[in-house]
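Student:
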Amino acid sequence: MITLTVNGTTHQVQAEPDTPLLYVLRNDLALNGAKFGCGLGQCGACTVMVDDKPVFSCLLPIAALSDRKVRTIESLGTPDKPGALPAAFEAEQAAQCGYCIAGMIMRAQALLERNNRPTEAELRAHLAPNLCRCGTHMRILRAVRRAAAAMGGGVRDAAEARL
Amino acid sequence: MAVGLLAVAAAGVAVGLHPPIAPLSALPRAFDPGLVAQGESLAHIGNCVGCHTADGGRPFAGGRALSTPFGTVFATNITPHPETGIGLWSREAFGRAMREGVDRNGDHLYPAFPYDHFTRASDGDLDALYAFIMTRSPMQAATPANQMEEPFGFRPLIALWNLLYLEKGPLPEDQSKPAEWNRGRELVEGLAHCGSCHTPRNALGGQQRDRAFDGAWIEGWYAPPLNAKSRAVQPWTVDELFAYLRSGLSKTHAAAAGPMGRVTRALAQAREDEVRAMSVYLASLMADAPAARAAPHAKENAVDSTHAEAAALFAGACAVCHESGAPMMLEGRPPLAWGTPLHESASHNTIQVVLHGLRPPAGRSGPTMPAFADTLSDRQIADIVAYLRARYTDKPPWPDLAQSVAQIRRERGE
Amino acid sequence: MSALSRRRLLASGALVVAFSLSRRAMSQGLPGSLGKSPLLESWIRIDADGRITVFTGKAELGQGIKTALIQIAADELAVPPDHISLVTADTARTPDEGVTAGSRSLSDSGRAILNAAANVRILLTESAAWRMLTEPDKIELRDGAAHAPNGENLTYGELAAVLSLHVEAKPDMPRRTGGSRLIGIDLPRVDIPAKVTGGAAYVQDMRRPGLLHARVVRGPSDGTRLKAADFHTVTQMPGVVRVVRDGSFTAVLAETEWAVIKALRRLQAAGWERPGAPLPAEDMAEAIRRLPARDVAIFDTPGPPAPSDGKVLKARYSRPCLLHGSIGPSCAVALWENEGVTVWTHSQGVYPLRKALAELLRLPADRVRCIHVEGAGCYGHNGADDVAADAALAARAVPGRPVRLQWTREQEHGWEPMGSAMVVELQATLGADGRIAEWRHDVWSNTHSTRPVSAGGLLAGREVDPPFAQPAPRPIPMPEGGGQRNGSPLYALANAKGVYHFVEQMPVRVSALRSLGAHMNVFAIECFMDELAKAAGVDPVAFRLAHMTDIRARDVIETAANRFSWATRPRSAAGRGCGFGFARYKNLAAYCAVAMEIAIDRDSGEVRLPRVVAAVDSGEAVSPDGIRNQIEGAIVQSLSWTMHEAVTFDTLHRASFDWSAYPILRFDGVPDRLEVHILDPAREPFLGTGEAGQGPAAAAFANAVTDALGVRIRDMPLSPEKLRGAVRKT
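Chains as they are written, first to last, in the working numbering: chain A, 1 to 163; chain B, 164 to 577; chain C, 578 to 1307.
1. Out of C:V1001, C:V945, C:H901, which has the shortest C-alpha to C-alpha gap to C:W921?
2. Three-state secondary structure (DSSP) at C:F1226?
3. Would you mind working out which of C:K613, C:A1303, C:N1139 sits nearest C:V1253, comparing C-alpha positions?
4. Using C-beta distances below 7 angstroms, list every residue in its chain close to C:E1209, excluding the 5 sequence neighbours before and after it, in chain order.
5. From what residue to what residue does the alpha helix (DSSP H) around B:V199 run?
6. Which residue's Cα is closest to the Cα of C:S1195: C:P855, C:V794, C:A1160, C:H1018?
7. Using the beta-carbon of each residue, which ones in chain C are nearer than 8 angstroms to B:L323?
8. Suppose the cutoff is 8 angstroms on Cβ atoms and the five residues either side in sequence are ignored; what does the same chain contact list for B:A308 look like?
9. Taking the alpha-carbon positions, what's the A:L33 to A:D52 distance?
10. Measuring only the C-alpha atoms, how far is C:I948 from C:V829?
11. DSSP three-state call for C:S895: helix, strand or coil?
12. Consider the Cβ of C:K772: report whether some Cβ of chain A lies at a distance smaller than 7 angstroms.
13. For a contact meaning CB atoms closer than 9 angstroms, what does C:R981 contact in chain B?
14. Keeping to the same chain, check which residues put their C-beta closer than 7 angstroms to that of B:M441; ignore five residues upstream and five downstream.
15. Would the beta-carbon of C:G721 fall within 7 angstroms of that of C:D626?
16. In the structure shown, what three-state DSSP assignment does B:H519 receive?
17. If you compare alpha carbons, which of C:P1294, C:D1202, C:C955 is closest to C:G761?
18. Distance cutoff 7 angstroms, beta carbons only. Does A:P17 sit that close to anything in chain B?
19. Less than 8 angstroms between C-beta atoms, sequence neighbours within five positions excluded: which residues of the same chain meet that for B:L229?
20. By DSSP's criteria, C:C1155 is part of a beta bridge. Which residues make up the other side?
21. Assign C:K1306 to buried or exposed, taking buried as 16 or more other Cβ atoms, counted over all protein chains shown, within 10 Å of its Cβ.
22. Using a beta-carbon distance cut-off of less than 9 angstroms, what residues from the stretch 103-121 of chain A approach chain C?
23. Identify, in the order they occur along the chain, each residue of the same chain with its Cβ nearer than 6 angstroms to the Cβ of B:P182, setting aside the five sequence neighbours on each side.
24. Taking only the alpha-carbon atoms, compute the straight-line gap between C:R1231 and C:G991 and give it to the nearest angstrom.
25. For chain C, find out if any of its Cβ atoms is closer than 7 angstroms to the Cβ of A:F56; answer yes or no.
26. Which class does C:R600 belong to by DSSP, given the choice of helix, strand or coil?
27. In whole angstroms, what is the alpha-carbon distance linking C:A591 and C:P748?
28. Can you have a look at B:E330 and say buried or exposed, based on whether 16 or more other CB atoms are within 10 angstroms of its CB?
29. Over what stretch of residues does the alpha helix (DSSP H) that includes B:Y407 continue unbroken?
30. Going along chain A, which residues have a C-beta under 8 angstroms from C:L789?
31. Kindly indicate which three-state DSSP category C:F876 falls into: helix, strand or coil?
32. Check this for me: beta carbons of B:W501 and B:T415, under 7 angstroms apart or not?
33. List, in order along the chain, the chain B residues whose C-beta lies closer than 7 angstroms to that of A:G41?
34. What does the alpha-carbon distance come out to for the pair B:A304 and B:T247?
35. Restricting to Cα atoms, I'd like to know which of C:D714, C:L900, C:I716 is closest to C:V1224.
36. Please name the residue in B:Y444, B:A189, B:P490 whose C-alpha comes closest to that of C:F1234.
Below you can see the structure in the form of structure tokens.
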């Protein structure tokens, strides 16, 4: 039995200690947000936050968690009451197939909590570990800029200034 | 005694006095494209852009801070900009800087600029390099002033250093060796300046000639021995060296990481035959290493239950790429047992890679490893590293692993 | 007699007579998929509580089609969108609309639903008029009810209780006029809220009681197989339920996902081999060019012979094999019960898949049900169909227990059918007037569709014992085309001919990848137009317009050029260049022009994309934002293909086994600015948009590179290495 704290709630799960967090989130806790994209730490579809840092949950065995706090996209609101980032993604319709989006949102959440005034270059570099195959990048950037503003900050030196 | 020191200092100052070389009256003219292309290859071998480019800065425009035991030296702007770069440097001035470490004005350059290696370059190579450098885009970028500890701010002292440690000029050819080997030596000892990282230095920062290629520390990484002291468990053949230097991966060793990763990305763009020549020379240096004589083996020990927790961490975090049956392993990537880092006397290279991962340049394919700095704690990384050491080597356990992890994180500013 | 018959008798005696005539005659002239499924109730049902269910045989792939179809139905039926539930591709419930592909969803299903909804609206109106004793043209439909002038109303639920929709649609029903509209507005997509809050949205998210996890066991890529493995040891691993084998098909079942992954890895450790012929040693495009081919005419436009003193230009373009690279590896859930199987799948074609599965599993078709559930973006024929077969075979061993089988990342990379490598050779002659006097297009390619319609088209079908034979590939005929798609330029060219050299022999597994041959053909044509323009000394956009008589094409080209400020674009700044590309997808669907500005770092070969401007004409825009989204995505994806992507091989297998070995565009490479301008010619039919951007974006990029460096690179990808090499030449 392993104990883990996810989105503020403590759970006891009957999974092997070497089980990566991703499968425990999805299968033992029925949380859909974190997704299997590669299981190799290359695509970011499994991104969640652990103690405020973005991590690949596909490479984090639950035995390594101890009392660190896990947060998934489910902690950022519901369709009726979405948090800043989900609301911004919806307002910008920032999804095509949407499979990468939960990982993108968690990755962005980690940045905006630390610094809600990143430069455009910092934002792009921060999101770079997460892949989007549909080519939704422009909207994802717009959504994060929108959310940063909604969180009292804003992205500096946005695209035009790079010319 | 004081008089003697004064005399030495005076001699040093006298020796250190170099006349300025007149600036060119106009930016250099066109160069033969073949010469420029050759110079480009040599610039990759020397990895000029690696030091002479600041993070996020323009290539060759300088500004990168190099910390040395004697203070912080800023790499200069070597674009052909007339005011802030070397746009008005003649070929003679360029050659003097490369061979003697003296700039156009006659001032000494700090040997953080490895002219003690570049001095080995042939005239032909310096012609080509000059042609390449002078055809880069001129960039306006003033180099910040160095911040040296006293008394090392006094440049003429460098003249003394040169007296002790600078052997000027190209090496004489070794007639007993083939042309390719000689070319390899010319590059390795010269422009490639491998010894700058792989040869230990004394307290004055001079490379210890009697310990050439014995291995040394650079930016928190250990540059391993490139001679008979190499602890590689598989032989470094010419072919494997070539593959490693060109692609950043040897299928019988490991992937290039840290500063060496940057070197291999530069060498990937150098001429194949030049890198091959370097491989020939380096392989000859390691001809007496233990691996060259022993049969290859992929060591794997059964580990006892003291490592049980680490084994579980490995199974969940690492095995997905590193265990047999993993996609990477089925593609012929080397098993962990063959990688030199696990066999070194220091754990640092292993810890660095686990903490920070490996990433090829954007858009290029190549060995990739995620960073585990945020995924695992110091204790967990230490336990995994201890487990790897026990499972894949017969070497004694590394001491103080958790402290090493913490220290490396601190040095990286985490 | 029912009220329906009485109404029909009173309203239209002729209709009753016509109704009794040949069904086929009625079905002709019905738009889109209505022709195949003419009954209204196949498309629309209205419950007693007024809830409207719309059925489509198309699938949501992330292109927003669910929302667009809801918009169409809600608009025509004058109801708020949330009154409508949309049921997508399900062999038990929806019409057979073939495959969701070719950007045909709106023309196939959209037009069908539009017309069916118009039919239903008219039936509701007439029924309401009858029951409220007024004229149909006095009835106002609003908010799910029919309102009479005297203030009475009847809800759709009340009306539907006595209205049978088991009638065939009539063609050419007028569309609703007046009132508030839902077509042409940016309705927020109905699927996004769940996707941004962790709701269950994908087949990968399905959970069922008693679910078992499965993985299929194969070699690393098509043509390889695992060496003999120790199955017995694996069945002893904790959590492993069984190993399923049929011929060489092998799958592992376990209680937990992690257990099955570990079991798979244990099996894979046995190593692999390639039993058949080795792969070509040269690059795949070269190999395709050299293999025997069958010539298929693309087009042949006669005209006067070119002047003998004309300037002749020739060029050869190529592209490597490309991966779909779906971000979420393909997945399916299968359940055997009641002597049949249900498969939840993200296949683009549940009906053809059902047929193939029925043959594979030796079941009657009506015992196989395929239900579409969204997966990650597929961009064509990826692993979805194969994994459905894998899941069905795995589940057959454990009847009554649902089985979830997902491919691993390396299996998706290694086994998905790729976009074929292609070569295009173009030759043209310029007359003294600087216009094209002769044009010849030759394209070599493998097939662009091996979509399974029979068991032999499924990987598992070729592994079971006895195996099914893989059907021989056949070229897709024009006007749609496969490798020759968009091989016929829209420009007004006389003395122009195109030939498709269809290479039947497939060294590697290939099938449909977004836009099929259009990416390569448009790349070649649009690069060649630039080469011709340069030889003629004419501006590239002006050169295109000089040869373009299609009015809508001209509008799109001019809009893109104007919005981009083409006339005042940066010229001859070091490393900066601008390029243009245009095509009408399939010469039938959406028009798209792309202009882009790039900046190449001469030292590193790295490219920045300061500005991309696109103009698109998709006919009547159901969802303008949906169009923008698709074009933006197509451009970014095409840039990734064109700048970075190439599947690599050695003689034994595909070497591009994961993202490290097959890098794609990341955030640090996407454009600084990307604008899409939509031309919306009123009431033109909907035109498929999802694939219209791939070709124009690829060409615009290559043309911008030439403008920046003065060197023409004709072989994709135009990678940083190739750009550095080109810089060296300048």
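From the three backbone atoms N, C-alpha and C, an ideal C-beta is built for every residue, glycine too.
Tutor: If we stick to the structure as given:
1. Comparing Cα positions, the closest option is C:V945.
2. Three-state result, C:F1226: strand.
3. Comparing Cα-Cα distances from C:V1253 to each of C:K613, C:A1303, C:N1139, the minimum goes to C:N1139.
4. Cβ neighbours of C:E1209 beyond the five flanking positions: L1251, V1253.
5. Where B:V199 is concerned, the enclosing alpha helix (DSSP H) stretches over 196-209.
6. The shortest C-alpha separation from C:S1195 is found at C:A1160.
7. Neighbours of B:L323 on chain C: none; closest Cβ ~37 angstroms, over 8 angstroms.
8. Once the five neighbours on either side are set aside, the close Cβ partners of B:A308 are F237.
9. It is worth fixing the name first, because residue 33 of chain A is Gly in this sequence and not Leu. Taking the Cα positions, A:G33 is about 17 angstroms away from A:D52.
10. Distance between C:I948 and C:V829, taken at the CA atoms: about 24 angstroms.
11. Per DSSP, reduced to three states, the secondary structure at C:S895 is strand.
12. Yes - at least one Cβ of chain A is within 7 angstroms of the one on C:K772.
13. Going along chain B, no residue has its Cβ under 9 angstroms from C:R981, so there is no contact; the nearest lies around 19 angstroms.
14. For B:M441, where only same-chain residues beyond five positions count, the Cβ hits under 7 angstroms are G347, L350, V351, A355, L408.
15. No. Outside cutoff.
16. In the structure shown, the three-state DSSP call for B:H519 is helix.
17. It is C:D1202 whose Cα lies nearest to the Cα of C:G761.
18. Put simply, the CB of A:P17 is near chain B, with a gap under 7 angstroms to one of its CB atoms.
19. Taken in chain order, the residues that qualify are C214, T235, V236, F237, A238, A275.
20. DSSP, once it has assigned bridges, lists C:E1174 as partnering C:C1155.
21. C:K1306 is exposed by the Cβ-count criterion.
22. Those residues of the stretch 103-121 of chain A that come within reach of chain C (Cβ to Cβ, closer than 9 angstroms) are I105, E120, A121.
23. Taken in chain order, the residues that qualify are G269.
24. Straight-line Cα distance between these residues: approximately 6 angstroms.
25. With respect to chain C, the C-beta atom of A:F56 has no partner C-beta closer than 7 angstroms.
26. With a pLDDT of 40 at C:R600, under the threshold of 50, the predicted position of this residue should be treated as unreliable, though the coordinate-derived value follows. Under the three-state reduction of DSSP, C:R600 is assigned to helix.
27. Residue placement at C:A591 cannot be trusted, given a pLDDT of 30 that sits under 50; the coordinates are not used to answer.
28. By the C-beta density criterion, B:E330 is exposed, having fewer than 16 other C-beta atoms within 10 angstroms.
29. Per DSSP, B:Y407 belongs to the alpha helix (DSSP H) from 401-410.
30. Listed along chain A, no residue sits closer than 8 angstroms to C:L789 by beta-carbon distance, the nearest being about 12 angstroms off.
31. Looking at C:F876 - three-state DSSP - the assignment turns out to be strand.
32. At a Cβ-Cβ threshold of 7 angstroms, B:W501 and B:T415 count as neighbours.
33. By Cβ distance, chain B contributes P533.
34. The C-alpha of B:T247 is placed about 6 angstroms away from the C-alpha of B:A304.
35. Closest by alpha carbon: C:L900.
36. Checked all of B:Y444, B:A189, B:P490; the closest Cα to C:F1234 is B:P490.
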